[in-house]
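Taken in sequence, the protein lines are chains A and B.
Just so we're aligned: the first sequence equals residues 1 to 339 in the numbering used here.
Just so we're aligned: the second sequence equals residues 340 to 678 in the numbering used here.
All C-beta atoms, glycine included, are put in the ideal place defined by N, C-alpha and C.
Worksheet for the structure shown next.
There are 2 protein chains.
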Amino acid sequence: MTRPTIHDVAKVAGLSLATVDRVLNKRGGVANKSIQKVADAIAQTGYVRDIAAANLSRGREYRFAFVLPDSATSFMGLLRDALMAESNRLSAQKIRIDILTTQAFDTASLLTTLRTLTPATTDGIAMIAPETPEVQTEIARLAADGISVVSLVSDLPRTDRHAYVGPDNVAAGRTAATFMGKFIRADAGRVLVIAGSLAARDHMERVMGFRAVMNSRFPALDLLPAAQGFDDAATVRALVRDALSDGPLAGIYAVGAGNRGVLDALANQADRPVVIAHELTVVSRSALQSDDFDLVIDQNPTAEVRTAISIMQDLSDAQSVTPTQGAIPLNIFIRENIT
Amino acid sequence: MTRPTIHDVAKVAGLSLATVDRVLNKRGGVANKSIQKVADAIAQTGYVRDIAAANLSRGREYRFAFVLPDSATSFMGLLRDALMAESNRLSAQKIRIDILTTQAFDTASLLTTLRTLTPATTDGIAMIAPETPEVQTEIARLAADGISVVSLVSDLPRTDRHAYVGPDNVAAGRTAATFMGKFIRADAGRVLVIAGSLAARDHMERVMGFRAVMNSRFPALDLLPAAQGFDDAATVRALVRDALSDGPLAGIYAVGAGNRGVLDALANQADRPVVIAHELTVVSRSALQSDDFDLVIDQNPTAEVRTAISIMQDLSDAQSVTPTQGAIPLNIFIRENIT
DNA sequence: ATCAAAATGATTGACGTTCCTCATTTTTGC
DNA sequence: GCAAAAATGAGGAACGTCAATCATTTTGAT
Numbered sequence: 001m002t003r004p005t006i007h008d009v010a011k012v013a014g015l016s017l018a019t020v021d022r023v024l025n026k027r028g029g030v031a032n033k034s035i036q037k038v039a040d041a042i043a044q045t046g047y048v049r050d051i052a053a054a055n056l057s058r059g060r061e062y063r064f065a066f067v068l069p070d071s072a073t074s075f076m077g078l079l080r081d082a083l084m085a086e087s088n089r090l091s092a093q094k095i096r097i098d099i100l101t102t103q104a105f106d107t108a109s110l111l112t113t114l115r116t117l118t119p120a121t122t123d124g125i126a127m128i129a130p131e132t133p134e135v136q137t138e139i140a141r142l143a144a145d146g147i148s149v150v151s152l153v154s155d156l157p158r159t160d161r162h163a164y165v166g167p168d169n170v171a172a173g174r175t176a177a178t179f180m181g182k183f184i185r186a187d188a189g190r191v192l193v194i195a196g197s198l199a200a201r202d203h204m205e206r207v208m209g210f211r212a213v214m215n216s217r218f219p220a221l222d223l224l225p226a227a228q229g230f231d232d233a234a235t236v237r238a239l240v241r242d243a244l245s246d247g248p249l250a251g252i253y254a255v256g257a258g259n260r261g262v263l264d265a266l267a268n269q270a271d272r273p274v275v276i277a278h279e280l281t282v283v284s285r286s287a288l289q290s291d292d293f294d295l296v297i298d299q300n301p302t303a304e305v306r307t308a309i310s311i312m313q314d315l316s317d318a319q320s321v322t323p324t325q326g327a328i329p330l331n332i333f334i335r336e337n338i339t
Numbered sequence: 340m341t342r343p344t345i346h347d348v349a350k351v352a353g354l355s356l357a358t359v360d361r362v363l364n365k366r367g368g369v370a371n372k373s374i375q376k377v378a379d380a381i382a383q384t385g386y387v388r389d390i391a392a393a394n395l396s397r398g399r400e401y402r403f404a405f406v407l408p409d410s411a412t413s414f415m416g417l418l419r420d421a422l423m424a425e426s427n428r429l430s431a432q433k434i435r436i437d438i439l440t441t442q443a444f445d446t447a448s449l450l451t452t453l454r455t456l457t458p459a460t461t462d463g464i465a466m467i468a469p470e471t472p473e474v475q476t477e478i479a480r481l482a483a484d485g486i487s488v489v490s491l492v493s494d495l496p497r498t499d500r501h502a503y504v505g506p507d508n509v510a511a512g513r514t515a516a517t518f519m520g521k522f523i524r525a526d527a528g529r530v531l532v533i534a535g536s537l538a539a540r541d542h543m544e545r546v547m548g549f550r551a552v553m554n555s556r557f558p559a560l561d562l563l564p565a566a567q568g569f570d571d572a573a574t575v576r577a578l579v580r581d582a583l584s585d586g587p588l589a590g591i592y593a594v595g596a597g598n599r600g601v602l603d604a605l606a607n608q609a610d611r612p613v614v615i616a617h618e619l620t621v622v623s624r625s626a627l628q629s630d631d632f633d634l635v636i637d638q639n640p641t642a643e644v645r646t647a648i649s650i651m652q653d654l655s656d657a658q659s660v661t662p663t664q665g666a667i668p669l670n671i672f673i674r675e676n677i678t
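This is how it looks when you write it as C-alpha cells:
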C-alpha cells in the first residue's frame, strides 16, 4: 500500500542497496545484467524516486541566471516582475535566480555579461539576445563549459542553445493577420506593420507570418512595407502619423513595443483603423478597455519564466528536454476577456 | 550563505529547538513572549521552512478525489487524460488521485458517490456538478467534515465549496459574442445559440454573457432563443437543421458539446455561418483546420487539473486561498494558432 | 589454478524537519 | 515560601535518498 522505496527495489532485484544506488545515480561499475535487474524491479514495483528526499539528501542548489536587455519596455518589466514573484516559491525549492541586465541593442554589453558566467557560479542561463556571430561563439563556450543555455522570447536556432522557451512567433503573425483580415469590414484598405527591429528574430518572424496570411487570404488589402519603431513610442507615433498623412489606414499591426505611440497618433481620429498589438501591458490593457485597440496577442511572462526555469532544471539534471516543452501559448485578448 | 534552518532560528531566538518547533507547528504550551522571540528570529534570519524536508518527515500523503460525470463528451475525456498524465508527477509528490465517475444528468448517482467520501479516505475533492439543493447539503456535510471542496468548470457559488476552479463563463460568452459580431460581414442575420443544458450553470452563464454583448453592441443581428442540445451530436444536428429550414444563419454559437452535430448539419452548405464553439477537442480542432469552424474558446484541462490540485493542497495545509487563484484563462484558438 | 580487476555488499552519516518522551526550570496562585 | 502548573530543554528516532568507505565475492584472462 505504501510507496515502494529503493529498499523494495533492491529486495525485488535481489541486489544490495548500494548497487541499486549505483544504477540509479549512474555511478558506474555495475554489470549490465544488474542494471537490467534493477530496471525490471523498478518496473515491477512501480518505484518512483522521492524527489523531496533526494533533494534533501543532495543539498543541491540550482543557480540560474536570466540575461535581459535593459529595455524600458513594459514587457521586460513584466518579465522582471514575474521573476521576482517567483523568487519566494523558488527559494523554497533551492533555486537561486540572478537577473543580469544588459544594454538593449548593444552586443558588446551583452558579451561582457555573458563572459562573466562560469560553471562555478551558474548552472544555467536564460537569455534574450540577437543572433550575432559573437553571441553564437559565446553560447558555444557556455554550452561547452556545461552551462545550460535557454533562449527566451526570441529563438537562437543557429547556436548551441539547448532549448527555446517562447511562443511560435510565425504563428503569432499568422494569427494577427487572420484577425486583421476578419475585423476589417471594408473591402480594401492599407495596413501598416510596425516592428521594433527587423534584426530581432521574434519580430522578423511575426512580420513574415503576418505577410504570408495577408497575401494569401486577404489579397484585397494593401500591406505596406514593414517599418521599424525600435520599441520607442515617439518613433512609433511618427511612423503612424507619416502613414496617415498618405491617407486613411484600415489596420495597424504593432509587432513590438511602443504602443503608446500608436495610441497618441490615433487620438481623436474619427474612424480609427483596426489595431492589433503584442503583449498585455498597462498601456495595451487600458487601450483594449477603452476600445482603442481591438486585440492583443500575449505571451504570459509568468508562464515563460516558469517554463524556462523548469527546463533549466531538467537540463541540469541531465534529463532530456523535448522541443515542445518550451512552447508558450499565444494568448489572445480582447476587451471582454482581459484577466 | 546557506539557507537558515530551525537550528539557526533557535539560536537567534535564544530558545531550544523543541520550543521553536512547538511554535512553528502550533503545538501550544508556549509563552507569548517566546512566540514573539521566534517570530523575530524568523524575520531576522529570513528562515523559510524546507517543505521537502517537512513532507519527508511527516510522511504525509494527500488524497484527492475528482468527481466527474460519465459523459461521453471529449472534454471530459480530455480532463481525464490530463488527470492521468499528471499522475506520475503527482505520485512523486505523494499526491494520490481518485477519479470517481457519476452518471451525467443524474443527481441521485452523484449523491451516492459523494456520500461515500469521508475524511478517513479523502482530504479534498474537485467536482463538476449542478447546483441542486441536495448537492448543496451534501457539500455542506463534506465541508463540515473537514474535506476541502472545489467546484470545477462550473461554479457552485451558493454552497459551502471553498474555491472555484474554472473560467469566467460570463466573460467567455461575452468574448464569443464580440468575435461573432466582428466576424459576421453581413449587416443583418440570424444567430443560433445551442447550449448543452440551461440547468448547467456554466452554460447558462455563457449564454447570458453572449446575449448581453450581442444586444448592446450588435443589435442589428437577430439572436434566436437559446436551444438545448444536451451535449449530444444528433440532437445538436437536428437543432441546426431546424433553424436552417427557416432560412440562412449568419452565426452559430455552440456553448456545449456535440460539435460533430454542427459539422454534420453544415456539410455542403454553400455560404456557411460563422461558427464559434467551446473546448479544443479532436472534432473542433480538425474543424478549425478544415475551416469549418471559425473560432474555439478553450479552457485548458491540464491547467484546470493542476490548479485544482494545488488549491486542494493549499486548503489541506490550511493556507488561505484567494478567489483569483482558481481562475482559468480563456484560450482562444483559430486555425493559425492551434497548438 | 592463480591473480588482478570488476562487481557487489554492508554500513554509516548526513540532509531538515516532525513528533515523541522525559527531565528540568520558571512562573503562578495562595 | 511552597506546591502545582506551565514552559522549556535535551535528545532521539524516523522519513527516503545520497555519497562515501571498506570489505568481500565473482569474473575473466592467462
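Report task. Would you kindly work out how many angstroms separate the C-alpha atoms of V207 (chain A) and S154 (chain A), rounded to a whole number? Result -> Within the first sequence, the letter at position 207 stands for residue 207 (chain A). Within the first sequence, the letter at position 154 stands for residue 154 (chain A). Cα to Cα, the separation comes out at about 14 Å.
Query raised in the report: Between the C-alpha atoms of F66 (chain A) and L90 (chain A), what's the straight-line distance to the nearest angstrom?
Result: The count along the first sequence starts at 1 and reaches residue 66 (chain A) at position 66. The count along the first sequence starts at 1 and reaches residue 90 (chain A) at position 90. Roughly 14 Å between the two C-alpha positions.
Query - Nearest residue (CA-CA) to V532 (chain B), options B:D561, B:S555, B:D526, B:A538 - result: On the second sequence, position 193 is the one that residue 532 (chain B) refers to. The residue with the shortest Cα to Cα distance from V532 (chain B) is B:D561.
Requested in this report: Tell whether a beta-carbon distance below 7 Å holds between G597 (chain B) and P612 (chain B).
Outcome: Counting from 1 along the second sequence, the entry for residue 597 (chain B) is found at position 258. Counting from 1 along the second sequence, the entry for residue 612 (chain B) is found at position 273. For G597 (chain B) and P612 (chain B), no; Cβs fall outside 7 Å.
**Report entry** Member of A:K94, A:G256, A:D98, A:L266 whose CA lies at the smallest distance from the CA of M84 (chain A)
**Finding:** On the first sequence, residue 84 (chain A) is found 84 positions in, with the first residue counted as 1. It is A:D98.
Query raised in the report: Do we get a CB-CB distance below 7 Å when we pair A120 (chain A) with the residues of chain B?
Result: Taking the first sequence and counting its residues from 1, one reaches residue 120 (chain A) at position 120. It does not: the Cβ of A120 (chain A) has no partner Cβ on chain B nearer than 7 Å.
Query raised in the report: Does any C-beta atom of chain B lie closer than 7 Å to the C-beta of T178 (chain A)?
Result: For the purposes of this step, residue 178 (chain A) is taken as the residue at position 178 of the first sequence. It does; some Cβ of chain B falls within 7 Å.
Query raised in the report: Using a Cβ-Cβ cut-off of 8 Å (strictly less than) and excluding sequence neighbours within five positions of T122 (chain A), which residues of its own chain qualify?
Result: In the first sequence, the residue the question calls residue 122 (chain A) occupies position 122. These residues qualify, in order along the chain: R63, F64, A65, D98, I147.
Query raised in the report: So which residues of chain A does F522 (chain B) contact, with C-beta pairs closer than 8 Å?
Result: Counting from one through the second sequence, the residue named residue 522 (chain B) turns up at place 183. Chain A residues near F522 (chain B): K182.
Requested in this report: Compare the C-beta of R60 (chain A) with all C-beta atoms of chain B and state if any pair is closer than 7 Å.
Outcome: The count along the first sequence starts at 1 and reaches residue 60 (chain A) at position 60. False, the Cβ-Cβ gap to chain B never drops below 7 Å.
Query - Entirely enclosed beta strand (DSSP E) segments - the stretch 476 to 542 of chain B, minimum 3 residues - result: 487 to 491, 502 to 504, 528 to 534
**Report entry** Contact the stretch 66 to 79 of chain A vs the stretch 264 to 282 of chain A: 3+ CB pairs below 8 Å
**Finding:** yes
Query raised in the report: Okay, do the stretch 474 to 486 of chain B and the stretch 506 to 525 of chain B touch, 3+ Cβ pairs below 8 Å being the bar?
Result: no
Query raised in the report: Using the beta-carbon of each residue, which ones in chain A are nearer than 7 Å to L669 (chain B)?
Result: For the purposes of this step, residue 669 (chain B) is identified with residue 330 of the second sequence, where counting begins at 1. By Cβ distance, chain A contributes N337.
Query raised in the report: Going by Cα to Cα distance, which pick from B:T514, B:A572, B:A349 is closest to R550 (chain B)?
Result: What you label residue 550 (chain B) is simply residue 211 of the second sequence in a count that begins at 1. For the residues B:T514, B:A572, B:A349, the minimum Cα distance to R550 (chain B) belongs to B:T514.
Query - Other residues of its chain near I42 (chain A): CB distance less than 8 Å, five sequence neighbours each side excluded - result: Sequence index remark: in the first sequence, residue 42 (chain A) carries index 42 (1-based). Closer than 8 Å at Cβ, skipping near neighbours: V9.
Requested in this report: Could you name the residues of the same chain whose beta carbon sits closer than 8 Å to that of R366 (chain B), not counting the 5 residues immediately before and after it, in chain order?
Outcome: Here residue 366 (chain B) corresponds to residue number 27 of the second sequence, with the count starting at 1. Correct list, in chain order: D360.
Query raised in the report: Using the beta-carbon of each residue, which ones in chain A are nearer than 9 Å to V552 (chain B)?
Result: Mapped onto the second sequence, residue 552 (chain B) falls at position 213. Simply E336.
Query raised in the report: What does T646 (chain B) touch in chain A if you count any residue whose Cβ is under 8 Å from its own?
Result: By one-based count along the second sequence, residue 646 (chain B) stands at place 307. Simply none; closest approach about 13 Å.
Query raised in the report: According to DSSP, is Q567 (chain B) helix, strand or coil?
Result: For this step, residue 567 (chain B) is matched to residue 228 along the second sequence. Three-state DSSP puts Q567 (chain B) in a strand.
Report task. Pull up the distance between the alpha-carbon of L356 (chain B) and that of V377 (chain B), whole angstroms please. Result -> Residue mapping note: residue 356 (chain B) aligns to position 17 of the second sequence, counting from 1. Residue mapping note: residue 377 (chain B) aligns to position 38 of the second sequence, counting from 1. Cα to Cα, L356 (chain B) sits roughly 11 Å from V377 (chain B).
Query raised in the report: List, in order along the chain, the chain B residues whose C-beta lies closer than 8 Å to that of L56 (chain A)?
Result: Taking the first sequence and counting its residues from 1, the one referred to as residue 56 (chain A) is at position 56. Correct list: D389, A391, A392, L395.
Query raised in the report: In terms of alpha-carbon separation, which member of B:Y592, B:V474, B:L654, B:L363 lies closest to G535 (chain B)?
Result: As a first step, residue 535 (chain B) is located in the second sequence; it is residue number 196 there, counting from the start. Taking only the C-alpha atoms, the option nearest G535 (chain B) is B:Y592.
Report task. Just the C-alpha distance for D499 (chain B) and P640 (chain B), rounded to the nearest angstrom, thanks. Result -> Along the second sequence, one-based indexing puts residue 499 (chain B) at 160. Along the second sequence, one-based indexing puts residue 640 (chain B) at 301. If you take the alpha carbons of D499 (chain B) and P640 (chain B), they lie about 24 Å apart.
Query raised in the report: Does the distance from the CB of D633 (chain B) to the CB of V614 (chain B) come in under 7 Å?
Result: Taking the first residue of the second sequence as position 1, residue 633 (chain B) is located at position 294. Taking the first residue of the second sequence as position 1, residue 614 (chain B) is located at position 275. For D633 (chain B) and V614 (chain B), yes; Cβs fall inside 7 Å.
Report task. Note down, one range per segment and in chain order, each beta strand (DSSP E) of at least 3 residues found wholly within the stretch 41 to 79 of chain A. Result -> 62 to 69
**Report entry** Residues that A171 (chain A) contacts on chain B, provided the C-beta gap is smaller than 7 Å
**Finding:** Locating residue 171 (chain A) in the first sequence gives position 171, where the first residue counts as 1. In chain order: E675, N676.
Query raised in the report: Going by DSSP, what residues sit across from H278 (chain A) in a beta bridge?
Result: For this step, residue 278 (chain A) is matched to residue 278 along the first sequence. H278 (chain A) is bridged to A:I297.
Query raised in the report: Comparing the C-beta of T344 (chain B) with each C-beta of chain A, is any distance below 7 Å?
Result: Locating residue 344 (chain B) in the second sequence gives position 5, counting from the first residue. No, T344 (chain B) does not count as interfacial toward chain A.
Query - Cβ-based burial, N349 (chain A) [other Cβ within 10 Å; buried from 16] - result: Past the edges of chain A, shown from 1 to 339, lies residue 349 (chain A), and the structure says nothing about it.
Query raised in the report: Would you call T113 (chain A) buried or exposed, if buried means 16 or more other Cβ atoms sit within 10 Å of its Cβ?
Result: Here residue 113 (chain A) refers to the residue found at position 113 when the first sequence is read from its first residue. Classification of T113 (chain A): buried, given that the 10 Å Cβ count is 16 or more.
Query raised in the report: What does R174 (chain A) reach in chain B if we use C-beta pairs closer than 8 Å?
Result: Position 174 of the first sequence, counted from the start, is the residue given in the question as residue 174 (chain A). Per Cβ cutoff of 8 Å: E675, N676.
Query raised in the report: What is the DSSP secondary structure of G665 (chain B), counted as helix, strand or coil?
Result: Translated into positions along the second sequence, residue 665 (chain B) becomes position 326. Residue state, collapsed to three classes: helix.
Requested in this report: Tell me whether F210 (chain A) sits in a helix, a strand or coil according to DSSP, three-state version.
Outcome: Counting from 1 along the first sequence, the entry for residue 210 (chain A) is found at position 210. F210 (chain A): helix per DSSP, three-state reduction.
Requested in this report: Could you tell me the boundaries of the alpha helix (DSSP H) in which L239 (chain A) lies?
Outcome: Taking the first residue of the first sequence as position 1, residue 239 (chain A) is located at position 239. Segment 233 to 245, the alpha helix (DSSP H) holding L239 (chain A).
Query - Integer Cβ distance of D603 (chain B) from R576 (chain B), believed to fall under 8 Å - result: For the purposes of this step, residue 603 (chain B) is taken as the residue at position 264 of the second sequence. For the purposes of this step, residue 576 (chain B) is taken as the residue at position 237 of the second sequence. Confirmed, about 5 Å.
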